[in-house]
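Start counting the sequence shown at 343; every next residue gets the next number (this note's numbering). Here a beta-carbon is modelled for each residue, glycine too, at the ideal position from N, C-alpha and C. What follows is a set of notes on a single structure, which appears directly below.
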Amino acid sequence: MASKKKCQSGIDRVPIDEGNRMTKQMHTGRAVRRILITTGLVGSMMLVAACGGSSDSGEAAGESAPAAAEEAAPAETAASEEEAPAELIPIKYVQPWVIQGESAGQFAAVREGFFAEEGLDVEIIPGGPDVRAGALLASGSADFAVMNPAGVYTNRQEDIPVVGVGGINQADGLFIMCKTSTGIDGFEDLAGKKVGIWVGGGEAGIQAATVKAGLAVEDVEWLPQKFSMEEFFNDAFDCASATEWNEKHVVYKEGYTAGTDVNELRPTDVGLFLPGDSIVTLESTVAERPEVVQGLVTGTLRGWQWVCSSEENRKAGAQYTVDAAPDLDLDLQIIQVNEMCSLMSQGPAAEAGMIGDMVQSSWQQSADAALAIGQLEQPADVATAFSDQFVAAVPADYRKITWQ
């Protein structure tokens, strides 16, 4: 579908019903605007028809007016039908987590009308610890979702034919934070230590980095972590999982200092460059509704490019997120948006000068990491796990990196 040109812990866990209610209100407002625009077009055409009966000869015009009106009527009706806006296709789009700045680009695409320009009426569905995006896609309860490549591979292993169709984060924003008092300076120091992880996909990069550093997965005591930094603050863990856009800032807001009080360990420290948030759908959707896939990918990347392109737009994107979940802290959402803009413009994106790319070597590293830690039973077929055709068809202006 061609794009048209214009002539919480730092995050409070927001009930899914509330997020859906706010998102539906956005759609209702947009529907009203569509009605007003349609009415205005019809009125304008009626005015043009009325004025069009005049000519240089008043007498001739008067004599021929009835016949002209009769001839014009079918043309006017045809024009009205041609100009009437097409019905938007309803789409349910599952996010990687509850409503927060991590999804600001998607909210911007809704609020700025980018999805509507692609013919889509998108409903943002919050994710969360109990939301299984793959299952929602398989059941038909959702059309698209955001998940990392490890999630794509594990879903495919479970015979849910999920496929990546667009990249958001070129670098995974998940890492671990260790208090310096533990003596942990690198992944090789984790042997015998207690490390908190978010089970269900969030552990892949961290565990793979541990293996890359020379340890076995079993050498570390992996413990399920709450979706907060409570265990970190209470010294229940030696290290705790965190994201670049959320928990990290929660910790430092409490007075800790990087390097002095806390060491940050990232998979990139040991040479693992794993993609993060990616746009996914089912293989059947790609085969049967490619124009819808194109519209969703185009709208999402355009939303993020718009958000990241200026400080003003970043604040607007954060505000759109808060509008959907009023209990969120706006300042923290702005921080999250800034971190997201950084993650999506790294690696292959920085080299290309454009966001959205899915690079086979990066996806291969994710597959290898999932296999190394036992998340996959056999090597994944990386070539069939994603398709870059839709990103390639997005207009360059909607992908261009204009920020640093």
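What's the C-alpha gap between residue i and residue j?
i: Ala513; j: Pro690; result: 9 Å
i: Gln702; j: Ala712; result: 15 Å
i: Asp463; j: Cys683; result: 25 Å
i: Met571; j: Glu596; result: 11 Å
i: Ser620; j: Gly659; result: 19 Å
i: Asp710; j: Pro721; result: 7 Å
i: Ala666; j: Ala450; result: 11 Å
i: Asp699; j: Gly508; result: 7 Å
i: Thr724; j: Ile431; result: Residue 724 is actually Val in this sequence, not Thr. The straight-line gap from Cα to Cα measures roughly 31 Å.
i: Asp730; j: Ile743; result: 18 Å
i: Leu478; j: Ala692; result: 33 Å
i: Phe728; j: Arg498; result: 11 Å
i: Ala714; j: Trp646; result: 33 Å
i: Val553; j: Asp603; result: 26 Å
i: Phe680; j: Lys590; result: In the sequence under discussion, the amino acid at residue 680 is Asn, which differs from the Phe named in the question. Approximately 13 Å between the Cα atoms of the pair.
i: Ala492; j: Glu459; result: 32 Å
i: Ala734; j: Thr663; result: 28 Å
i: Asn576; j: Lys521; result: 11 Å
i: Ser626; j: Glu444; result: 27 Å
i: Pro617; j: Glu545; result: 14 Å
i: Phe569; j: Ala428; result: 43 Å
i: Glu633; j: Val473; result: 27 Å
i: Val649; j: Lys657; result: 8 Å
i: Thr642; j: Gly455; result: 11 Å
Thinking C-alpha only, which one of the options is nearest residue i?
i: Gly461; options: Thr726, Val440 and Val635; result: Val635
i: Gly447; options: Thr640, Asp501, Ser583 and Leu614; result: Thr640
i: Gln717; options: Ile548, Leu479 and Phe575; result: Ile548
i: Val440; options: Val494, Ser652, Gly469 and Met519; result: Gly469
i: Met519; options: Ser626, Tyr662, Glu586 and Ala546; result: Glu586
i: Asp485; options: Glu719, Ser652, Glu465 and Val649; result: Glu465
i: Asn588; options: Ile677, Gly482, Glu500 and Ala550; result: Ile677
i: Gln746; options: Val736, Met696, Phe457 and Trp705; result: Met696
i: Asp531; options: Glu563, Ser651 and Pro632; result: Glu563
i: Trp705; options: Val494, Gly443 and Arg644; result: Val494
i: Ile539; options: Arg453, Gln567, Glu625 and Phe615; result: Gln567
i: Val612; options: Gly528, Cys650, Ala738 and Pro471; result: Gly528
i: Ile502; options: Tyr740, Leu614, Arg608 and Val622; result: Val622
Please classify residue i as buried or exposed, where buried requires at least 16 neighbouring CB atoms within 10 angstroms.
i: Gly476; result: buried
i: Gln437; result: buried
i: Val356; result: Note that Val356 has pLDDT 36, beneath the 50 cutoff, so the model's placement of it is unreliable and no number is given.
i: Ser523; result: exposed
i: Gly601; result: exposed
i: Ala551; result: buried
i: Asn511; result: buried
i: Pro668; result: exposed
i: Ala629; result: exposed
i: Gly637; result: buried
i: Phe732; result: buried
i: Ser652; result: exposed
i: Val736; result: buried
i: Val452; result: buried
i: Ser708; result: buried
Query raised in the report: Can you give, in chain order, each stretch of the beta strand (DSSP E) that sits fully within the segment 597-648 and has at least 3 residues?
Result: Taking only runs of at least 3 residues, the beta strand (DSSP E) segments lying wholly in the segment 597-648 are 604-607 and 620-624.
Query raised in the report: Quick one: any contact between the segment 525-535 and the segment 574-594, if contact means 3 or more CB pairs under 8 Å?
Result: Short answer: they touch.
Report task. Could you pull out every unbroken alpha helix (DSSP H) segment of at least 4 residues lying fully inside the segment 445-528, listed in chain order? Result -> With a minimum length of 4 residues, the continuous alpha helix (DSSP H) runs that stay inside the segment 445-528 are 446-453, 456-459, 475-481 and 491-499.
Query raised in the report: Are the segment 553-573 and the segment 499-518 touching, with three or more C-beta to C-beta distances below 8 Å?
Result: Look at the beta carbons and you see the segment 553-573 not touching the segment 499-518: under three pairs across the two are nearer than 8 Å.
Report task. Pair every Cβ in the segment 672-679 with every Cβ in the segment 494-509, then say whether three or more of these pairs are closer than 8 Å. Result -> Between the segment 672-679 and the segment 494-509, the count of C-beta pairs closer than 8 Å stays below three; the two stretches do not touch.
Report task. Please list the segments of the beta strand (DSSP E) lying wholly inside the segment 714-740, counting only runs of 3 or more residues, in order along the chain. Result -> List check, beta strand (DSSP E) in window: nothing returned.
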